[in-house]
Amino acid sequence: MRAAIYHEFNGAIAVEDVDDPAVPEDGVVIEIKASGLCRSDLFAWHGNDPDLGLPHVPGHELSGVVGEVGKDVKRWKVGERVTAPFCCGCGTCGFCQAGSQQVCDNYYQPGFTHWGSFAQYCAIPAADVNLAALPEAWSFESASILGCRMITAYRALIQRGRLQAGEWVAIHGCGGLGLSMIAIATAVGARAIAVDLDSGALELATKLGAEVTVQAEAGNGRTAVSQIRDVTGGGVDVAVDAFGNAEVAGNSIKSLRRQGRHVQAGLLKGSTTELPLAMVVSKEIEVIGTKGMSAHHYPAVFELLEQSETDLSLLISRTLKLSELPAAFNDMANFNAIGVAVVNSF
Numbered sequence: 000m001r002a003a004i005y006h007e008f009n010g011a012i013a014v015e016d017v018d019d020p021a022v023p024e025d026g027v028v029i030e031i032k033a034s035g036l037c038r039s040d041l042f043a044w045h046g047n048d049p050d051l052g053l054p055h056v057p058g059h060e061l062s063g064v065v066g067e068v069g070k071d072v073k074r075w076k077v078g079e080r081v082t083a084p085f086c087c088g089c090g091t092c093g094f095c096q097a098g099s100q101q102v103c104d105n106y107y108q109p110g111f112t113h114w115g116s117f118a119q120y121c122a123i124p125a126a127d128v129n130l131a132a133l134p135e136a137w138s139f140e141s142a143s144i145l146g147c148r149m150i151t152a153y154r155a156l157i158q159r160g161r162l163q164a165g166e167w168v169a170i171h172g173c174g175g176l177g178l179s180m181i182a183i184a185t186a187v188g189a190r191a192i193a194v195d196l197d198s199g200a201l202e203l204a205t206k207l208g209a210e211v212t213v214q215a216e217a218g219n220g221r222t223a224v225s226q227i228r229d230v231t232g233g234g235v236d237v238a239v240d241a242f243g244n245a246e247v248a249g250n251s252i253k254s255l256r257r258q259g260r261h262v263q264a265g266l267l268k269g270s271t272t273e274l275p276l277a278m279v280v281s282k283e284i285e286v287i288g289t290k291g292m293s294a295h296h297y298p299a300v301f302e303l304l305e306q307s308e309t310d311l312s313l314l315i316s317r318t319l320k321l322s323e324l325p326a327a328f329n330d331m332a333n334f335n336a337i338g339v340a341v342v343n344s345f
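For the sequence shown, the residue numbers in numbering that gives the first Met the number 0 are 0 to 345.
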């Protein structure tokens, strides 16, 4: 099959012929129809993921059709339209049995622990718990951006942050994940504040429903935190670091009201990060981690986005051929792209 592959961290990304994946006995091989480029792919390419070996095929936001089915699979058959979360479970451990495949002890992550979806085919094990059926009304391109950023946004805000209609939420960082959070927050009736350096990202956040936009470095002497606190009269109910940066995480916590909830969704480099813990104590702030979402929650996401008539096409900035992916990696590394680039030609 044709696949994008790199042989060293930060090295050249090339499109090469590689072996087709073998179908797991309890899994499937998916013929990939669309795969979104995510900042987590960049994080891994830079060598920040200890689970990743070389050479490596990246890609973890995927949609397609089932091409092969393992002998132990009960729920799926060849030809069905499917998608999958980036954080797959083994299907047998205690967390998987409890429905929390995203924190499985023996997790499987396409594009990280194993070869991913910037290829014609991608294998997914434990298919009976790790796949979600893709409704006919959904395009492969829209479905592909669910697998990391949109499901992470839903779990971060709704399941972990307990965001309710009418509450203020500040989304710090409006890349693909942050913009997805704006869409989810708006869909549930929350009042979203978008925070970013880039005016283009903030403009797109407004189109997705952000009530307020804040330039992270406005040049007027007012910090993002002070602007948020002024707008809300004291702070937001929920704040999220959707970028993955110690300073951004600190600002997220500082933008909260008393007893607010900070959700850390962006990946942070290094083993330790300084946070304003004195404020966490004095204001009884909750600090919450989040990681993807399990496949069995997908119907709730489909329902919310359909009922709110959220236009996911606003998030897709461009579609690419597989051969154009290396340049797209560099664009993302240099912050030269807004929205999500999706490969849909292999």
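Ideal placement from N, C-alpha and C gives every residue a C-beta, glycine not left out.
For the options SER141, ALA2, LEU176, SER143, the alpha carbon positioned closest to that of LEU156 is the one of LEU176.
The alpha-carbon of VAL68 is positioned some 12 angstroms away from that of CYS121.
For LYS282, no pairing in a beta bridge is given by DSSP. The beta strand (DSSP E) runs of length 3 or more contained entirely in the region 41 to 122 are, from start to end of the chain, 60 to 68, 80 to 83. At least 8 angstroms separates the beta-carbon of ILE4 from that of PRO49. Per DSSP, THR231 is one residue of the alpha helix (DSSP H) stretching across 223 to 231. Per DSSP, ILE31 is one residue of the beta strand (DSSP E) stretching across 27 to 35. Here the region 280 to 288 makes no contact with the region 180 to 196; the two share fewer than three CB pairs at distances below 8 angstroms. Only residues of its own chain outside the window of five on either side were considered, and among them MET0 have a CB closer than 8 angstroms to the CB of ASP18, listed in chain order.
The three-state reading of DSSP puts GLU216 in strand, counting E and B together. Assigned with DSSP and collapsed to three states, ALA189 falls in coil, not helix or strand. The region 65 to 83 makes contact with the region 118 to 134: 3 or more CB pairs, one atom from each, lie closer than 8 angstroms.
Per DSSP, ILE144 lies in no alpha helix (DSSP H) and is assigned neither H nor E. The C-beta of SER251 has 16 or more other C-beta atoms within 10 Å across all chains shown, which makes the residue buried. Sequence-distant Cβ neighbours of HIS6 in its own chain, meaning closer than 7 angstroms and more than five residues away, are LEU53, PRO54.
Of GLY165, VAL14, LEU61, ASN9, the smallest CA-CA separation from LEU324 is found for VAL14. Burial state of ALA2 is buried, judged by a 10 Å Cβ sphere holding 16 or more other Cβ atoms.
The continuous stretches of beta strand (DSSP E) do not include GLN163, and DSSP gives it neither H nor E. With the rule of 3 Cβ pairs closer than 8 angstroms, the region 112 to 120 counts as touching the region 19 to 36.
According to the DSSP assignment, THR309 belongs to no beta strand (DSSP E), since it is labelled neither H nor E.
Counting C-beta pairs with one atom in each stretch, the region 91 to 100 and the region 309 to 318 have fewer than three that are closer than 8 angstroms, which means they do not touch. About 7 angstroms separates the CB atoms of ILE144 and VAL341; that is less than 8 angstroms, so the two are in contact. Under DSSP, the beta-bridge partners assigned to ASP240 are HIS171, GLN263. In the structure shown, the three-state DSSP call for ASN129 is helix.
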